[in-house]
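Those protein sequences? They're chains A and B, same order as listed. Per the numbering used here, residue 1 is the first one in the first sequence, and the count goes up by one each step. Per the numbering used here, residue 114 is the first one in the second sequence, and the count goes up by one each step. A virtual CB, placed ideally from N, CA and C, is assigned to each residue, including glycine. All remarks here apply to the structure that follows.
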Amino acid sequence: AQSVTQLGSHVSVSEGALVLLRCNYSSSVPPYLFWYVQYPNQGLQLLLKYTTGATLVKGINGFEAEFKKSETSFHLTKPSAHMSDAAEYFCAVSGYNFNKFYFGSGTKLNVKP
Amino acid sequence: NAGVTQTPKFQVLKTGQSMTLQCAQDMNHEYMSWYRQDPGMGLRLIHYSVGAGITDQGEVPNGYNVSRSTTEDFPLRLLSAAPSQTSVYFCASSSLQGNSYNEQFFGPGTRLTVL
Numbered sequence: 001a002q003s004v005t006q007l008g009s010h011v012s013v014s015e016g017a018l019v020l021l022r023c024n025y026s027s028s029v030p031p032y033l034f035w036y037v038q039y040p041n042q043g044l045q046l047l048l049k050y051t052t053g054a055t056l057v058k059g060i061n062g063f064e065a066e067f068k069k070s071e072t073s074f075h076l077t078k079p080s081a082h083m084s085d086a087a088e089y090f091c092a093v094s095g096y097n098f099n100k101f102y103f104g105s106g107t108k109l110n111v112k113p
Numbered sequence: 114n115a116g117v118t119q120t121p122k123f124q125v126l127k128t129g130q131s132m133t134l135q136c137a138q139d140m141n142h143e144y145m146s147w148y149r150q151d152p153g154m155g156l157r158l159i160h161y162s163v164g165a166g167i168t169d170q171g172e173v174p175n176g177y178n179v180s181r182s183t184t185e186d187f188p189l190r191l192l193s194a195a196p197s198q199t200s201v202y203f204c205a206s207s208s209l210q211g212n213s214y215n216e217q218f219f220g221p222g223t224r225l226t227v228l
């Protein structure tokens, strides 16, 4: 069975600092990988996804993530945090052949002035 | 396209009452799912469906029923509401891409309180 682990339920960075949110998955085959963002009292919005092809994926709002098969990781980064990035971020995996999606437990990002 | 719609946005129930949360999508997606979100617990899958007439249980199915009579609709029924079902409920849908599912599109959520 697949699972998704997000290290750190809360991450705090200063405005302008690097954002790094970690996601590791367990899977016997390369899955599809996603990062979602949830702003307070809103639904989830797709930030970026990896399906096939280039392992460095660029998303909205300056975020990017790199699929590293050898490390089974899909960490989310942004070079310079902005106050508006404060939100909860979820990593998700989908498997092959009608498997369901698996979500990590989420990481709340706090951006300090 | 309206995307994924959910009704109602807010609901208050008394213990023991039943109700149906509605979910509809107009993107002709094969896959639909229901999640509940509770503080500190992320998203937990309740039930999902890979097509009309096909449903399966997720991580936390007890106390909930679903059916999928059409591609568009995937209602979630609470049979006898309990305070433990107080939560925010999200419906999502996705299309097939090859042998896997593409990203899920989420509805705006239903905030349910059971007294």
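Assumed close pair residue i, residue j - CB separation to whole angstroms, cut-off 8 angstroms
{"i": "residue 88 of chain A", "j": "residue 38 of chain A", "result": "5 angstroms"}
{"i": "residue 156 of chain B", "j": "residue 103 of chain A", "result": "5 angstroms"}
{"i": "residue 130 of chain B", "j": "residue 194 of chain B", "result": "5 angstroms"}
{"i": "residue 19 of chain A", "j": "residue 107 of chain A", "result": "Incorrect: roughly 10 angstroms between the Cβ atoms, too far for contact."}
{"i": "residue 200 of chain B", "j": "residue 150 of chain B", "result": "6 angstroms"}
{"i": "residue 221 of chain B", "j": "residue 122 of chain B", "result": "7 angstroms"}
Residue-chain proximity (residue i, chain A), Cβ-Cβ < 8 angstroms
{"i": "residue 121 of chain B", "result": "no"}
{"i": "residue 154 of chain B", "result": "yes"}
{"i": "residue 213 of chain B", "result": "yes"}
{"i": "residue 221 of chain B", "result": "yes"}
{"i": "residue 166 of chain B", "result": "no"}
{"i": "residue 124 of chain B", "result": "no"}
{"i": "residue 225 of chain B", "result": "no"}
{"i": "residue 202 of chain B", "result": "no"}
Beta carbon proximity, residue i to chain B, threshold 8 angstroms
{"i": "residue 3 of chain A", "result": "no"}
{"i": "residue 74 of chain A", "result": "no"}
{"i": "residue 69 of chain A", "result": "no"}
{"i": "residue 120 of chain A", "result": "No information on residue 120 of chain A is available, as it lies outside the stretch 1 to 113 that chain A covers here."}
{"i": "residue 90 of chain A", "result": "yes"}
{"i": "residue 51 of chain A", "result": "yes"}
{"i": "residue 14 of chain A", "result": "no"}
{"i": "residue 59 of chain A", "result": "no"}
Cross-chain neighbours of residue i in chain B, by beta carbon under 7 angstroms
{"i": "residue 46 of chain A", "result": "216"}
{"i": "residue 26 of chain A", "result": "None at all; the shortest Cβ gap to chain B is about 16 angstroms."}
Neighbour-count burial assignment, residue i, 16 or more Cβ in a 10 Å radius
{"i": "residue 154 of chain B", "result": "exposed"}
{"i": "residue 52 of chain A", "result": "exposed"}
{"i": "residue 101 of chain A", "result": "buried"}
Neighbour list for residue i in chain A, Cβ cutoff strictly below 7 angstroms
{"i": "residue 177 of chain B", "result": "Within 7 angstroms Cβ-Cβ: nothing; residue 177 of chain B doesn't reach chain A, min ~15 angstroms."}
{"i": "residue 130 of chain B", "result": "None at all; the shortest Cβ gap to chain A is about 25 angstroms."}
Under 9 angstroms from the C-beta of residue i: neighbouring residues of chain A
{"i": "residue 135 of chain B", "result": "Result: empty, since nearest Cβ-Cβ is about 15 angstroms, beyond 9 angstroms."}
{"i": "residue 171 of chain B", "result": "100"}
{"i": "residue 158 of chain B", "result": "100, 101, 102, 103"}
Residue i: CB within 7 angstroms of a non-hydrogen atom of the ligand MG
{"i": "residue 82 of chain A", "result": "The ligand MG is not among the ligands present in this structure, which contains no ligands whatsoever."}
Chain A residues whose Cβ lies nearer than 8 angstroms to that of residue i
{"i": "residue 210 of chain B", "result": "32, 51"}
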